[in-house]
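A.B. asks: The sequence shown begins at 1 in the UniProt record's numbering and counts up by one.
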Amino acid sequence: MHIVRKVTDNLYWIGANDHRLTLFENIHPIPEGVSYNSYLLLDKKAVMFDTVDWDGCRQMMENLEFVLDGRELDTVVVNHWEPDHAASLQVVLNRYPKAEIISTEKGFMLMKQFGFHADGHKTITVKEGDKTCFGEHTVTYLEAPMVHWPEAMVTLDLTNGALFSADAFGSFKALDGKLFNDEVDYDRDWIDSNRRYLTNIVGKYGPHIRKLLNKAAPVLDQIKFICPLHGLVWRNNLDYLLDKYTHWASYEPEVKGVMIVYASMYGNTEQAAQAIAAKLAEEGIRNVSLFDVSSTHVSYLIAEVFRVSHVILASCTYNLGIFPPMLNFLEDMKALNVQNRVFALIENGSWAIRSGDLMYRFLDEEMKTITVLNERVTVASHLGENQEEDLGLLADAVADSLRG
Ligand code: FEO
């Protein structure tokens, strides 16, 4: 049975939702699923924009055949060759032997690397600014290297204003019948999934996203639909989405707020984290979140650190080092280019307390444009009643920095 949504005249969403996959890229939990978006334009030529992951192949093929309604498929534009989108291309090519393929030079290189058999299919290599006319619709291509792989491009339909944006503007979370941003409560139900996708999948490539946004700036008024490869299609309020992307891609916090991340073996470091959270509340700081680094997948921590301005790390010392899950969080922040944040530290240990110095050294030497506040709370096994003042000084320093 087909499950198709009409995007606009002659343009259809023919993708698939996936609730079976538990880990996206076999690393990021997706408890609310994910969608693989594929689009079909019926013009003089029938043109498909990207395919889907293997998991969605059967659904996509039923959708494709339903919309084509006996027509041949003439063209497949492949904006991105990562297998969550291109894996099903071979099935499409086998079913439609006359289909030509449009992609970038690096795209076709990846096509060969992944072992696709396109013998007999015409391949058309396009580059920045090239145009293709499919009948009434003419599209142009913008190269989008490292958003999210080097071969990526986006395609703008100059006739109806649909931007096929590849991974840009994508999101975790299955569509489950919905398609458009105005069919959901985005701020309540979607933004967290959108942020977690962007920051974990493409967060490292903020400069490349900014470059793409700058490149798109002159044609922004022509964009009527943003059609990404995952998640919602945007058809209004585009400025809102672009503003969020600008923050994420610039590593600028969305809000003034504090995330407290603790690494605790027996609850004593957790207690210190809870104590500082209470102090901040007493100081009138309302936007505070608290996470156990051992039980929170690091992708959620990354999303939150992109959202807020301030971070308090509280870690026990483990094998004379930083508690491993906390070190993993630090390494992930470094890998994803987190910057422009203020940190404060709480350390714990029963002897040779070293986690504070080691976390400081990591933040100072391994990451970019990070401020670490001088005030630090040191816990020897268990927070003492006589450490009220230490906590107060740290809370004051964080609050002053937030208000500054
Ligand atoms: Fe959704 Fe980079 O693939």
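Don't be surprised by glycine CBs; every beta carbon is placed ideally from N, CA and C.
Here the structure is a predicted model, which means the values were calculated and not measured.
(1) What is the DSSP secondary structure of phenylalanine 66, counted as helix, strand or coil?
(2) Taking the beta strand (DSSP E) that tyrosine 12 falls in, what are its first and last residues?
(3) Closer than 7 Å by C-beta to phenylalanine 24: which residues in its own chain qualify, once you throw out the five before and the five after it? Chain order, please.
(4) Could you check what DSSP says for methionine 48 in three-state terms: helix, strand or coil?
(5) Using the C-alpha atoms, what's the distance from glutamate 72 back to alanine 303?
(6) Consult DSSP for glutamate 375 and reduce its assignment to one of helix, strand or coil.
(7) Between the beta-carbon of methionine 153 and the beta-carbon of asparagine 37, is there less than 8 Å?
(8) Taking histidine 85 as the reference, give the member of Gly70, Phe114, Lys98 and Pro97 with the closest Cα.
(9) Please classify asparagine 200 as buried or exposed, where buried requires at least 16 other C-beta atoms within 10 Å of its C-beta.
(10) Can you tell me which residues fall inside 7 Å of ligand 1, judged by beta-carbon distance to its nearest heavy atom, and keep chain order?
(11) If you run the structure through DSSP and keep just helix, strand and coil, what is threonine 125?
(12) Candidates Ala168, Leu229, Gln222 and Thr132: which alpha carbon is nearest threonine 246's?
(13) If the criterion is Cβ atoms closer than 8 Å, does the pair isoleucine 291 and methionine 265 meet it?
(14) From valine 288 to glutamine 274, what distance separates their C-alpha atoms?
(15) To which residues of the same chain is serine 294 closer than 7 Å at the C-beta, ignoring the five residues directly before and after it?
(16) Report the residue from Tyr39, Ser355 and Phe343 whose alpha carbon sits nearest the alpha carbon of methionine 61.
(17) Could you work out which residue in Phe329, Ile223, Ile209 and Tyr251 is closest to valine 261 when comparing CA atoms only?
(18) Are the CB atoms of aspartate 119 and alanine 87 within a distance shorter than 8 Å?
(19) What's the C-alpha gap between glutamate 151 and alanine 344?
(20) Would leucine 301 pass as a contact of glycine 203 if the rule is Cβ separation under 8 Å?
(21) Can you tell me which residues form a DSSP beta bridge with proline 29?
(22) What are the start and end residues of each continuous beta strand (DSSP E) run of 3 or more residues lying completely inside the segment 307–349, in chain order?
(23) Please report the Cβ distance between glycine 205 and methionine 146, rounded to the nearest whole angstrom; I am assuming they are in contact, meaning their Cβ atoms lie under 8 Å.
(24) Just the C-alpha distance for lysine 98 and arginine 188, rounded to the nearest angstrom, thanks.
(25) Taking the beta strand (DSSP E) that methionine 367 belongs to, which residues open and close that run?
(26) DSSP state of methionine 359, grouped into three classes?
(27) My assumption, with CB atoms under 8 Å, is that tyrosine 340 sits in contact with threonine 317. Please give the rounded CB distance.
(28) Can you list, in chain order, the residues of its chain with a C-beta nearer than 8 Å to that of proline 83? Leave out the 5 residues immediately preceding and following it.
(29) Work out the CA separation of aspartate 243 and glycine 321 for me, nearest whole Å.
(30) Beta-carbon separation of histidine 382 and valine 342 under 8 Å?
(31) In angstroms with no decimal places, state the Cα-to-Cα distance between aspartate 69 and histidine 137.
(32) Between the Cα of glutamate 347 and the Cα atoms of Val379, Arg361, Tyr360 and Thr371, which residue gives the shortest distance?
(33) State the beta-bridge partners of tyrosine 39 as determined by DSSP.
(34) My guess is that leucine 41 and leucine 11 are in contact by the Cβ rule of under 8 Å, so how many angstroms apart are they, rounded?
(35) Out of Cys133, Phe134 and Gly129, which one is the CA nearest neighbour of alanine 144?
(36) So, for phenylalanine 66: in the same chain, excluding its five sequence neighbours on each side, which residues have a beta-carbon less than 7 Å away from its beta-carbon?
C.D. replies: Considering the structure as presented:
(1) Here phenylalanine 66 sits in helix by DSSP.
(2) Element bounds for tyrosine 12: 11–13.
(3) Excluding residues within five positions, the ones whose Cβ falls inside 7 Å are Ile30, Val34 and Phe172.
(4) Note: methionine 48 maps to strand in three-state DSSP.
(5) Going from the Cα of alanine 303 to the Cα of glutamate 72 covers about 43 Å.
(6) DSSP places glutamate 375 in the strand class (E or B) of the three-state scheme.
(7) Asparagine 37 sits away from methionine 153, with the two beta carbons spaced by 8 Å or more.
(8) Ranking the options by Cα distance to histidine 85, first place goes to Phe114.
(9) Buried is the label assigned to asparagine 200, since at least 16 other Cβ atoms lie within 10 Å of its Cβ.
(10) Residue list for ligand 1: His80, Glu82, Asp84, His85, His148, Trp149, Asp167, Gly170, Ile201, Leu229 and His230 (CB closer than 7 Å to any heavy atom, chain order).
(11) Reduced to three states, the DSSP call for threonine 125 is strand.
(12) Ala168 is the residue among Ala168, Leu229, Gln222 and Thr132 whose C-alpha sits nearest the C-alpha of threonine 246.
(13) This sequence places phenylalanine at residue 291; isoleucine is not what is there. No, they are not a contact pair.
(14) Looking at the backbone, the Cα of valine 288 and that of glutamine 274 are separated by about 11 Å.
(15) For serine 294, where only same-chain residues beyond five positions count, the Cβ hits under 7 Å are Ala263 and Pro325.
(16) The shortest C-alpha separation from methionine 61 is found at Tyr39.
(17) The shortest C-alpha separation from valine 261 is found at Phe329.
(18) Cβ atoms of alanine 87 and aspartate 119: not closer than 8 Å.
(19) About 40 Å.
(20) Going by C-beta atoms, leucine 301 is not nearer than 8 Å to glycine 203.
(21) For proline 29, the pairing in a beta bridge is given by DSSP as Leu23.
(22) Scanning the segment 307–349 for uninterrupted beta strand (DSSP E) segments of 3 residues or longer gives 310–318 and 339–349, listed from N- to C-terminal end.
(23) It is worth fixing the name first, because residue 205 is tyrosine in this sequence and not glycine. With a beta-carbon spacing of about 4 Å, tyrosine 205 and methionine 146 fall inside the 8 Å limit used to define contacts.
(24) Taking C-alpha positions only, lysine 98 is separated from arginine 188 by approximately 45 Å.
(25) Here methionine 367 belongs to no beta strand (DSSP E), and DSSP marks it neither H nor E.
(26) In the three-state DSSP reduction, methionine 359 falls in the helix class (H, G or I).
(27) Reading off the sequence, residue 340 comes out as asparagine, not tyrosine. Contact between asparagine 340 and threonine 317 does not hold, since the beta-carbon distance rounds to 28 Å and is not under 8 Å.
(28) Contacts found: Asp53, Trp54 and Phe114.
(29) Roughly 39 Å separates the two Cα atoms.
(30) Against a cut-off of 8 Å, the Cβ pair of valine 342 and histidine 382 comes out as no contact.
(31) Taking the straight line from one Cα to the other gives about 20 Å.
(32) Its Cα nearest to that of glutamate 347, the residue Val379 stands out among Val379, Arg361, Tyr360 and Thr371.
(33) Trp13 and Phe49.
(34) About 5 Å separates the two Cβ atoms, so the contact holds.
(35) Closest option to alanine 144, Cα to Cα, is Gly129.
(36) These residues qualify, in order along the chain: His2 and Val4.
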